[in-house]
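Enquirer: Just so we're aligned, residue 5 is where the sequence shown starts under our numbering, counting upward by one.
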Amino acid sequence: MELKIYNQNGELKLTVNTAASSTWNTELMAENAVSATFTHPFFVALDVNDYVMLNDTKFSINKEYKPKQVSTQEYNYTVKFYGPEHDAERVMFLNLTDGQYELQFYLDDSPAMHLQRWIDNMNRVYGEKRWSIGDVLDAPKKTVEYNNATCWDALSLISDAFEAEWWTDGFKINLTRCERGDRVELGYMQGLTSLTQSENSSDVKFFTRLFPLGSTRNIDRNRYGFSRLQLPNRAKYVDRNTRYGLYEYVEESAFADIYPHYRGTVNTVRQEEKVDENDKKITIYYFDDIGMTFDPNDFEIGGLTKQITFQTGELAGREFEVNYDSKTMEWEIINTYPSETEQIPGKNLIPALGDEYIPWNFSLPTGLEKEAEVAYETAVNSYLEKYSEDMSKYGGETDYTYIDKNNIPLQLGQNVRLLSDKFFDEGFSDTRITKVTRKLDNLSMATIECTNMVGKGWKRTVDASLAQLQYVMSSGSNPSSGSSSSTSIDVSDKLKKNIVVNSNDVGYFKKKDVLLAGQTWETIFRKMLYKPMGGELSSSISTSDKVEYGTKQGRITYTATRNGQGEMTKAFHDEDEGKKLVFSAESQGIQTAVLTLSGTYTKRETHRATVVYASSDILPEKILNNTITVNVYRRWFAGVVDSEPKTSAQVRALGSSGLYTGKGEYSFTATNWKMIAICLPEGDITSLEIKGIQGNIIWDTGLVSGPKEIPVKDLNSSTETNYKMWIMNTQLVNDTTNHITLNT
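(1) Anyone know if the C-beta pair for asparagine 127 and lysine 133 falls short of 8 Å?
(2) In whole angstroms, what separates the C-alpha of threonine 27 from that of serine 64?
(3) Ignoring anything shorter than 4 residues, give me the alpha helix (DSSP H) runs that lie fully in the segment 133-220, in order along the chain.
(4) Do asparagine 339 and proline 349 have their CB atoms nearer than 8 Å?
(5) Based on DSSP bridge pairs, tell me the residues matched to asparagine 411.
(6) Please classify arginine 464 as buried or exposed, where buried requires at least 16 other C-beta atoms within 10 Å of its C-beta.
(7) Please give me, in chain order, every unbroken run of the beta strand (DSSP E) with length at least 3 that falls completely inside the segment 602-648.
(8) If you run the structure through DSSP and keep just helix, strand and coil, what is lysine 72?
(9) Below 8 Å, can you find three or more Cβ-Cβ pairs linking the segment 658-671 to the segment 706-718?
(10) Check glycine 103 in the structure and name its three-state DSSP category.
(11) When the Cα of asparagine 178 is compared with those of Val242, Trp122, Glu277 and Arg267, which residue comes out closest?
(12) Once DSSP output is grouped into helix, strand and coil, what is the label at proline 300?
(13) How many Å lie between aspartate 292 and glutamate 336 at the Cα?
(14) Output the distance between the C-alpha atoms of threonine 19 and tryptophan 170, rounded to the nearest integer angstrom.
(15) Measure the Cβ-Cβ separation of glycine 539 and tyrosine 617 and say whether it is below 8 Å.
(16) Could I get the ranges of all uninterrupted beta strand (DSSP E) runs contained in the segment 399-445, with 3 residues as the minimum, in chain order?
(17) Identify whether isoleucine 545 lies in helix, strand or coil by the three-state DSSP scheme.
(18) Is the CB-CB distance between threonine 82 and threonine 147 below 8 Å?
(19) Pull up the CB-CB distance for tyrosine 10 and aspartate 51, whole angstroms please, since I reckon it's below 8 Å.
(20) For glutamate 31, report the span of its beta strand (DSSP E) as first-last.
(21) In terms of DSSP beta bridges, what is isoleucine 452 paired with?
(22) With the cut-off set at 8 Å, would you say leucine 100 and leucine 107 are in Cβ contact?
(23) Within the chosen definition, does the segment 394-409 reach the segment 443-459 through at least 3 CB pairs nearer than 8 Å?
(24) So what does DSSP say about isoleucine 354, is it helix, strand or coil?
(25) Which residues does DSSP pair with tryptophan 525 in a beta bridge?
(26) Since aspartate 359 and glycine 317 should fall inside the 8 Å C-beta cutoff, what is the C-beta to C-beta distance between them, to a whole number of angstroms?
(27) I believe serine 39 touches lysine 67 by the beta-carbon criterion, under 8 Å. Please report the beta-carbon distance rounded to the nearest angstrom.
(28) Glutamine 654 by DSSP, collapsed to three states: which one?
(29) So the candidates are Pro236, Phe175 and Glu590; which of them puts its Cα closest to the Cα of aspartate 60?
(30) Between leucine 541 and isoleucine 528, which are expected to be in contact by the criterion C-beta below 8 Å, what is the C-beta distance as a whole number of angstroms?
(31) Does the beta-carbon distance from alanine 379 to isoleucine 286 come in below 8 Å?
(32) Check each candidate in Lys70, Arg267 and Phe210 and name the one with the smallest Cα separation from glutamate 252.
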């Protein structure tokens, strides 16, 4: 195939004919790349962002590539060009709300809003609205923790959280099961020249016998007879598709949110002002629920404190300890205190009419237990159905004439009915394409792969187990009277409930600080052991901070470190906001800017940089200043001469020199000398001493003469100044090395 390679400015760089082995590879949630192999008679390095066009899509190089030289006139290339979705590997997933630019944050929102954050981050590096949302599943909110993630990593986290697949269609990002197109039939000698089976990735689980473990929440063993929710028939396990053999599996957390519960609605809200044990004024909130027909105090479970979780409203997703008053039929919410000046509920985060909530940590009337058992059975059967199907991968090479004749789309997600009475008991398997490797010479000549379940795939960890997945019931299977279900993530590495610190200071945690549910243990320990120090600004200069008059000016490099601040809002130099400093893109909280100075140094110069970081949720706005001063001096010169210097060049050629900084001590050495010249830009010599010889010889007029004036040019010969010159002259040659010190 003839392939045209362009540079990032769209200029044609190379036209090559690719080898037969060159391919276009697409794999669901994994790769979209052109692998090109070719030879060329000249050495041409390929640069980052060089690209080719294929099917109206730009595929770019993501790192510099140099070919292999095999002779003086032949260079071999094997290089990959990546589709636009791979740009996500070089873009960090930041919290851009209010210009925070935070790398570590939680987002509790719908699938569409998680994807919108991804789009906002991708489009910020393009400087235009290039990416947009395509198809997105409709699912309840979920909390995802993003921790120094790239946009590529973020797609993995989002798809894991919502148990969906991400895929692209041009510059549209989708989050659904990748399944599209009218179903086409393929089989051996019917569009495929071969058909093979292979194992799926190790993180795709398969089992035919499931041992489910029901939730323990709201279960009173003394009354219910079991410590966990049971299936209606009290079965200990469920089988399906055992014709594949007996593969057993135990699952608990997927069913953790199915339990006997009542979904209530806030009717009226009232508040009372009180004083706590520290004489601090607090507000206590109460609400009633006219739809609740039982008394929670009649169903207490020994040792458990009543809790509620708000499902809607401003407090949605938050858990609180509560008390219930049987006389007033009101719930009292026990406050939490994120800081010494805040309480929750409080300000805008308060219960309101119509808010829905679920109370727990007590048992419930028998009818609600039966509803929960039915919902649990539905979830168990659905879960087993999902993972007891044949998870193998099937595929083969295509017959390009059949593909072209029947216009078969070779695209990810294409619905396929694979035909084979040898591979499948029913004679067919309904599946979809999840991987395509096409020949560049003929895009209908390909190897395809089909499966109903994909693993975590390329560049993603495989240590997550099914115990960390969660079953999400449809609205029709909710055991409550409402239509929503809890979708909180219940995994062992996260804090399940808020903790109010009541001990003395623990690291950087203070008494009454609140550790919020949902944080990972790593985040908690980091906050315990590390306190954000706030923004920092440092500088370095390419020259010394003490230079000779006439030295060419250099450049100053400024390094700004965010350290938990908000985004950088201003950057300028020399007290003038019009003189902007342009900082690089942020990498791990660090940005740099280079100020290039022009001309030469003729006097002392001071440069002052100012950077302003916005406030963050943990730090106030911070104004940083950095001052760097360059002092300018002329040089002194001294050294052995055959005759008295007459020109500037002869003075500057003297063997010893240094910056003359004014009154002080200066030293040099002289070997095999009879005459020495000493030249200073200003001042007078007050003492002149030779080590090993007593006395100040500056007053010995028989040995030292001067001073007399001599013009000396500066470093770049642009100006001239009158120096003072002293001459030391002896009758005999001193054939030793003398250490000479002078004071001015």
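Ideal Cβ placement from N, Cα and C applies to all residues, glycine included.
Expert: Let me lay it out:
(1) Here residue 127 refers to the residue found at position 123 of the sequence shown. Here residue 133 refers to the residue found at position 129 of the sequence shown. Against a cut-off of 8 Å, the Cβ pair of lysine 133 and asparagine 127 comes out as a contact.
(2) Reading the sequence shown from its first residue, position 23 is the one you call residue 27. Reading the sequence shown from its first residue, position 60 is the one you call residue 64. For threonine 27 and serine 64, the gap between their C-alpha atoms comes out near 15 Å.
(3) 155-165
(4) Here the question's residue 339 lines up with position 335 in the sequence shown. Here the question's residue 349 lines up with position 345 in the sequence shown. Their beta carbons are under 8 Å apart, which means asparagine 339 touches proline 349 by this criterion.
(5) Within the sequence shown, residue 411 is the residue found at index 407, counting from 1. None; asparagine 411 has no bridge partner.
(6) Within the sequence shown, the letter at position 460 stands for residue 464. Unreliable placement is indicated for arginine 464, whose pLDDT of 37 sits below 50; no coordinate value is reported for it.
(7) The segment 602-648 contains these whole beta strand (DSSP E) runs: 609-617, 626-637 and 639-644.
(8) Position 68 of the sequence shown, counted from the start, is the residue given in the question as residue 72. Three-state result, lysine 72: strand.
(9) Taking 8 Å as the limit for Cβ pairs, the verdict is that the segment 706-718 does not touch the segment 658-671.
(10) As a position in the sequence shown, residue 103 is number 99, starting the count at 1. Three-state result, glycine 103: helix.
(11) Taking the first residue of the sequence shown as 1, we reach residue 178 at position 174. Answer by Cα proximity: Trp122.
(12) Locating residue 300 in the sequence shown gives position 296, where the first residue counts as 1. The answer is helix: DSSP assigns proline 300 an H, G or I state.
(13) The residue given as residue 292 occupies position 288 in the sequence shown. The residue given as residue 336 occupies position 332 in the sequence shown. C-alpha separation (whole angstroms): 9 Å.
(14) Numbered from 1 along the sequence shown, position 15 holds the residue referred to as residue 19. Numbered from 1 along the sequence shown, position 166 holds the residue referred to as residue 170. Straight-line Cα distance between these residues: approximately 34 Å.
(15) Position 535 of the sequence shown, counted from the first residue, corresponds to residue 539. Position 613 of the sequence shown, counted from the first residue, corresponds to residue 617. Taking a C-beta distance under 8 Å as the contact criterion, glycine 539 and tyrosine 617 qualify as a contact pair.
(16) 418-423 and 432-443
(17) Numbered from 1 along the sequence shown, position 541 holds the residue referred to as residue 545. If DSSP states are grouped into helix, strand and coil, isoleucine 545 belongs with the strands.
(18) As a first step, residue 82 is located in the sequence shown; it is residue number 78 there, counting from the start. As a first step, residue 147 is located in the sequence shown; it is residue number 143 there, counting from the start. In this structure, threonine 147 does not lie closer than 8 Å to threonine 82 by Cβ.
(19) The sequence position of residue 10 within the sequence shown is 6, counting from 1. The sequence position of residue 51 within the sequence shown is 47, counting from 1. Going by Cβ atoms, the distance from tyrosine 10 to aspartate 51 rounds to 11 Å, so no, they are not a contact pair.
(20) Here residue 31 refers to the residue found at position 27 when the sequence shown is read from its first residue. Start and end: 27-31.
(21) If you number the sequence shown from 1, residue 452 lands on position 448. Paired residues: Gly400 and Val440.
(22) As a first step, residue 100 is located in the sequence shown; it is residue number 96 there, counting from the start. As a first step, residue 107 is located in the sequence shown; it is residue number 103 there, counting from the start. Cβ distance not < 8 Å, so leucine 100 and leucine 107 don't count as in contact.
(23) When Cβ pairs closer than 8 Å are counted between the two stretches, the segment 394-409 is seen to touch the segment 443-459, the count reaching three or more.
(24) The residue labelled residue 354 in the question sits at position 350 within the sequence shown. Three-state DSSP puts isoleucine 354 in coil, outside helix and strand.
(25) The residue given as residue 525 occupies position 521 in the sequence shown. Its beta-bridge partners do not exist; DSSP assigns none.
(26) Taking the sequence shown and counting its residues from 1, the one referred to as residue 359 is at position 355. Taking the sequence shown and counting its residues from 1, the one referred to as residue 317 is at position 313. Between aspartate 359 and glycine 317 a beta carbon distance of about 3 Å is seen, short of the 8 Å cut, so the two are scored as contacting.
(27) Residue mapping note: residue 39 aligns to position 35 of the sequence shown, counting from 1. Residue mapping note: residue 67 aligns to position 63 of the sequence shown, counting from 1. About 15 Å; that fails the 8 Å criterion.
(28) Here the question's residue 654 lines up with position 650 in the sequence shown. Helix at glutamine 654.
(29) As a position in the sequence shown, residue 60 is number 56, starting the count at 1. Nearest Cα to aspartate 60 within the set Pro236, Phe175 and Glu590: Phe175.
(30) Within the sequence shown, the letter at position 537 stands for residue 541. Within the sequence shown, the letter at position 524 stands for residue 528. Going by Cβ atoms, the distance from leucine 541 to isoleucine 528 rounds to 30 Å, so no, they are not a contact pair.
(31) Counting from one through the sequence shown, the residue named residue 379 turns up at place 375. Counting from one through the sequence shown, the residue named residue 286 turns up at place 282. No; because the gap between Cβ atoms is not below 8 Å, this pair is not in contact.
(32) Here residue 252 refers to the residue found at position 248 of the sequence shown. Ranking Lys70, Arg267 and Phe210 by CA distance to the CA of glutamate 252 puts Phe210 first.
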